[in-house]
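Peer 1: For the protein sequence lines, the chains are A and B, in the order given. For the first sequence, the numbering used here gives the first residue as -6, with consecutive numbering after it. For the second sequence, the numbering used here gives the first residue as 17, with consecutive numbering after it.
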Amino acid sequence: MSEFKMPSLGADMESAVLMEWKVKEGDHVTKGQVIAEVETSKGVIEIEVFETGVVEKILVEEETECAVGTPLALIASEGEGREEAVAEAAAEPEKVPPQPEPPSKEEPLKPEPQEEERPAAEPAERVKASPAARRKARELGVDLAALAAGSDRGIQLDAVEAAAETAAKAPEADGMRQAIARAMSRSNAEIPHYYLSTSVNMTPALAWLAALNAKRSIKERILPAALLIRAVVKALEAVPELNGFWQEERHSISKTVNPGIAIALRKGGLITPALLSAETMNLDETMHSLDDLITRTRSGRLRGSEMTQQTVTITNLGDLGVERVYGVIYPPQVAIVGLGRIIDAPWAEGDALSVRKVMQATIAGDHRATDGRTGALFLERLDHFLQNPQELL
Amino acid sequence: MTKEEIKQTIIEQIVMVAPDIEEEEIEPSANLQRSLEIDSFDFLKVLTALNEKLGVDVPETDYAQVDTLEHMTDYFEARL
């Protein structure tokens, strides 16, 4: 018997609205099954159950806002009696927040629960507002409940914007910003970062990709971003020490490669959902999965596992025209790979000087877990794959 | 198809791929990707959708000719 709780879908999440149950009491559920949808500041996220059993009791109604760690349902293991289950749950009213199932049994995968950041569980009445208005309100720090008082129709986007304009600029950063600030402060305070950078001649890889795409219909084309991520994943397979965690003074390596891909939302914000088991994908599959992940990130249809099981981070600020990225590691991960803009630059080969497409690849590593040599090996492998792109197919 | 219809078709596809973009935001002579923050994935989606609508395939080597709404309209007009 166990409690299915509101998971933490990122360090910046304090609560979420349970939007919809996909199961009802008495339903049989299997590990990994999506059983509910929750709305967070990052959109609607489908959350999965992490054990096989039967839904004994649903504790929270739809449209209820719940703090992280709030019990949402009771799940009985196969063969467990109902009375016993309920009694057990009643006996332990407050437990630590759940830790999503690690992909591998031996290797702990999850950050420690950050209890101090969690407000008490108190389901609040949900204010009627359109999803766009809700998002805008979060962005602008407008209190929807206050806005709703004295109006019985749903709040629309324009009302939120009007309220934000009349309100004085908030003296404090909003909750999301503060939570990011906490995670990043912790990273910078605790993780001794080392930074390495190398220039990669991208001309061979881009020429190879252009030739490949020329033979393909528009639907089957591969974008450079997919090729780069595939190359990073292959390099991580060769240097697995960078794909894992530092927890409890111990370095653990993850068997699966789940790179968190930094995806910018057009109207502000950044999410780094995981491309799960990227090491099992060939180049076409990487392109397809990446396209799907980006689409779902922007439309708000991510899975809980994609929000929690990142094993490393890849940030590609190339679109913003930045040449070199020195990242801040997201704990408890031990590395972040930065890919800069591809620019035309002078390139010496032998005694000839020519202009080539050049990209700066950087890695920030956790010096407690690995040494600069590990990072250097990774960059060497990454360069190797980009000079031999046929190995990435 | 008139030039105006082609332009409207392009706008429709951009808004469909990136629903948070308002039609008024699309400046005819501004670089689509930069001004609208459309990344390479969205840009490819727009071209794929236009290929299905208009039957014109834009090879990668022609991407420089479809960088703005105006240029893209001209490009498709010449090939329809």
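Think of the CB as a built atom: it goes at the ideal place given N, C-alpha and C, for glycine as much as any other residue.
Using the Cα positions of Ala224(A) and Leu332(A), report the straight-line distance between them to the nearest angstrom.
Peer 2: Their backbone Cα atoms lie some 11 Å apart in a straight line.
Peer 1: Tell me which residue opens and which closes the alpha helix (DSSP H) that Ile301(A) is part of.
Peer 2: It is worth fixing the name first, because residue 301(A) is Thr in this sequence and not Ile. Counting along the chain, the alpha helix (DSSP H) containing Thr301(A) begins and ends at 297 to 301.
Peer 1: Quick one: grab the DSSP three-state call for Thr249(A).
Peer 2: Correct three-state label for Thr249(A): coil.
Peer 1: Mapping DSSP to helix, strand and coil, what is Leu11(A)?
Peer 2: Correct three-state label for Leu11(A): strand.
Peer 1: Just how far apart, CA to CA, sit Glu21(B) and Phe92(B)?
Peer 2: Each residue's Cα considered, the two are about 11 Å apart.
Peer 1: Mark Ala267(A) as exposed unless 16 or more other C-beta atoms lie within 10 angstroms of its C-beta, in which case mark it buried.
Peer 2: By the 10 Å Cβ count, Ala267(A) comes out buried.
Peer 1: Under 7 Å, CB to CB, which of the residues in the region 42 to 58 of chain B have a partner in chain A?
Peer 2: From the region 42 to 58 of chain B, only Glu53, Asp55, Ser56, Phe57 have a Cβ closer than 7 Å to chain A.
Peer 1: Would you mind working out which of Glu316(A), Val250(A), Asp344(A) sits nearest Ser192(A), comparing C-alpha positions?
Peer 2: Nearest option by C-alpha distance: Glu316(A).
Peer 1: Just the Cα atoms here: how many angstroms apart are Ile329(A) and Leu189(A)?
Peer 2: Roughly 11 Å separates the two Cα atoms.
Peer 1: If you follow the alpha helix (DSSP H) that Ile68(A) is in, where does it begin and where does it stop?
Peer 2: Ile68(A) -> not in any alpha helix (DSSP H); beta strand (DSSP E) instead, spanning 64 to 69.
Peer 1: Would you mind reading off the limits of the beta strand (DSSP E) that contains His377(A)?
Peer 2: Here His377(A) belongs to no beta strand (DSSP E); instead the alpha helix (DSSP H) covers 365 to 380.
Peer 1: If we define contact as Cβ-Cβ less than 7 Å, is Thr64(B) a contact residue for chain A?
Peer 2: It does: the Cβ of Thr64(B) has a partner Cβ on chain A nearer than 7 Å.
Peer 1: Under a three-way DSSP split, which group does Asn181(A) fall into?
Peer 2: The answer is helix: DSSP assigns Asn181(A) an H, G or I state.
Peer 1: Considering only the alpha carbon of each residue, which of Pro197(A), Thr367(A), Ile215(A) lies closest to Met352(A)?
Peer 2: Taking only the C-alpha atoms, the option nearest Met352(A) is Pro197(A).
Peer 1: Beta-carbon separation of Thr57(A) and Leu2(A) under 7 Å?
Peer 2: Not closer than 7 Å, so no.
Peer 1: Check whether chain A comes within 7 Å of Glu76(B), counting only Cβ atoms and requiring the distance to be less than that.
Peer 2: It does; some Cβ of chain A falls within 7 Å.
Peer 1: Using 7 Å as the limit for Cβ to Cβ distance, is Asp83(B) near chain A?
Peer 2: Cβ-Cβ to chain A under 7 Å: no for Asp83(B).
Peer 1: Look at the alpha carbon of Val16(A) and the alpha carbon of Ala126(A), and state the distance between them as a whole number of angstroms.
Peer 2: Spanning the two alpha carbons is a distance of roughly 28 Å.
Peer 1: Measuring CA to CA, which of Met177(A), Asp285(A), Met280(A), Cys59(A) is closest to Tyr323(A)?
Peer 2: When each option's Cα is compared against that of Tyr323(A), the closest is Met177(A).
Peer 1: Does any residue of chain B have a CB that is nearer than 7 Å to the CB of Ala203(A)?
Peer 2: Yes, because at least one Cβ of chain B sits closer than 7 Å to the Cβ of Ala203(A).
Peer 1: At a Cβ threshold of 7 Å, is Asp284(A) touching chain B?
Peer 2: Yes, because at least one Cβ of chain B sits closer than 7 Å to the Cβ of Asp284(A).
Peer 1: State buried or exposed for Lys227(A), treating a residue as buried only when at least 16 other CB atoms are found within 10 Å of its CB.
Peer 2: With 16 or more other Cβ atoms within 10 Å, it is buried.
Peer 1: Expressed to the nearest angstrom, what Euclidean distance is found between the alpha-carbon atoms of Ala66(A) and Glu30(A)?
Peer 2: So the alpha carbons of these two residues sit roughly 13 Å apart.
Peer 1: Taking Cβ-Cβ distances below 9 Å as the criterion, which residues of the region 30 to 45 of chain A are in contact with chain B?
Peer 2: Listed by position, the residues of the region 30 to 45 of chain A near chain B (Cβ gap below 9 Å) amount to none.
Peer 1: On the CB-based measure, 16 or more other CB atoms within 10 Å of its CB, does Lys35(A) come out buried or exposed?
Peer 2: Lys35(A) comes out buried.
Peer 1: Need the endpoints of the beta strand (DSSP E) that Val193(A) sits in, please.
Peer 2: Element bounds for Val193(A): 186 to 194.
Peer 1: How would you list, in chain order, the residues of chain B whose beta-carbon sits under 8 Å from the beta-carbon of Lys393(A)?
Peer 2: Not covered by the structure: residue 393(A). The range shown for chain A is -6 to 386.
Peer 1: If you measure beta-carbon to beta-carbon, which residues of the region 263 to 290 of chain A are closer than 7 Å to chain B?
Peer 2: Those would be Asp284, Ile287, in chain order.
Peer 1: In three-state terms, what does DSSP make of Lys61(B)?
Peer 2: Helix.
Peer 1: On a CA-only basis, which of Ile256(A), Val42(A), Asn275(A), Arg349(A) is nearest Leu386(A)? Give me that one, please.
Peer 2: Out of Ile256(A), Val42(A), Asn275(A), Arg349(A), Asn275(A) has the C-alpha closest to the C-alpha of Leu386(A).
Peer 1: Residue range of the beta strand (DSSP E) that Leu332(A) falls in?
Peer 2: Run containing Leu332(A): 328 to 332, per the beta strand (DSSP E) assignment.
Peer 1: Kindly list, in the order they appear in chain A, the residues whose Cβ is closer than 8 Å to that of Asp73(B).
Peer 2: Correct list: Ser210, Ile211.
Peer 1: Which chain B residues are close to Leu2(A), counting only those with a beta carbon under 8 Å from its beta carbon?
Peer 2: Near Leu2(A) there are no residues of chain B at all, since even the closest Cβ is about 21 Å away, more than 8 Å.
Peer 1: Name the two residues that bound the continuous alpha helix (DSSP H) containing Arg50(B).
Peer 2: Per DSSP, Arg50(B) belongs to the alpha helix (DSSP H) from 48 to 52.
Peer 1: Since Asn251(A) contacts Arg349(A) with CB under 8 Å, what's their CB separation in whole angstroms?
Peer 2: Contact flag wrong, Cβ pair sits at about 32 Å.
Peer 1: In terms of alpha-carbon separation, which member of Thr367(A), His377(A), Thr288(A) lies closest to Val62(B)?
Peer 2: Checked all of Thr367(A), His377(A), Thr288(A); the closest Cα to Val62(B) is Thr288(A).
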